[in-house]
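Asker: Here you go, one structure.
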Amino acid sequence: MKGTNLGEFEELVLLVVAVLFDEAYGVSIQEELSSRCDRNATLSTIHVALHRLEEKGYLESRLDGATNERGGRRKLLFRVTKSGKRALASAKEMRNELWQSIPKSAFNLSV
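Sequential numbering from 297 applies to the sequence shown in my numbering.
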């Protein structure tokens, strides 16, 4: 398994896969990233992140049934694993601890 640290984009992709649950595939992830995070990412960038997260054990994939609207092609669907849920919980905890450690006066400064 590769390194287990999450980069910012990987964390966003992992969160979006969790949000989409059983409907997480390249295009749906791309649309969700655009609408919720105002991030425009190419499908190839998303697929690289998905496969990297799968290598880390944070995602699992499966092929969905072929449909006529996709020209008989199947979708590669992704789902967050238990390890992925732990990684997200850890990242959230770390961020919350950092936010809570910022002195109140740090946000009262004039810029």
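From the three backbone atoms N, C-alpha and C, an ideal C-beta is built for every residue, glycine too. Predicted, not measured: the structure shown is a model, and the values here were computed from it.
DSSP three-state call for A314: helix, strand or coil?
Answerer: Stepping through the sequence shown from its first residue, residue 314 is reached at position 18. Note: A314 maps to helix in three-state DSSP.
Asker: Could you spell out where the beta strand (DSSP E) holding R358 opens and where it closes?
Answerer: Reading the sequence shown from its first residue, position 62 is the one you call residue 358. Where R358 is concerned, the enclosing beta strand (DSSP E) stretches over L355 to L359.
Asker: Give the C-beta separation of V309 and V376 to the nearest angstrom, bearing in mind that I take them to be a contact with Cβ-Cβ under 8 Å.
Answerer: Locating residue 309 in the sequence shown gives position 13, where the first residue counts as 1. Locating residue 376 in the sequence shown gives position 80, where the first residue counts as 1. That belief does not hold up - the Cβ atoms of V309 and V376 are roughly 10 Å apart, past 8 Å.
Asker: Taking just the CA atoms, how far does N404 sit from D318?
Answerer: The count along the sequence shown starts at 1 and reaches residue 318 at position 22. The count along the sequence shown starts at 1 and reaches residue 404 at position 108. Distance between the alpha carbons of D318 and N404: 43 Å.
Asker: If you draw a straight line from the C-alpha of E306 to the C-alpha of E328, how long is it?
Answerer: Taking the sequence shown and counting its residues from 1, one reaches residue 306 at position 10. Taking the sequence shown and counting its residues from 1, one reaches residue 328 at position 32. Rounded to the nearest angstrom, the two C-alpha atoms are 14 Å apart.
Asker: Based on Cα-Cα distance, which residue from Y321, W395, A385 and R332 lies nearest to D360?
Answerer: Within the sequence shown, numbered from 1, the residue matching residue 360 stands at position 64. Among Y321, W395, A385 and R332, the Cα nearest to that of D360 is on Y321.
Asker: I'd like the span of the alpha helix (DSSP H) that includes R348, first residue to last.
Answerer: What you label residue 348 is simply residue 52 of the sequence shown in a count that begins at 1. Note, R348: alpha helix (DSSP H), L339 to E351.
Asker: Beta-carbon within less than 7 Å of L311's beta-carbon, same chain only, minus the 5 sequence neighbours each way: which residues are those?
Answerer: The residue labelled residue 311 in the question sits at position 15 within the sequence shown. Taken in chain order, the residues that qualify are L384.
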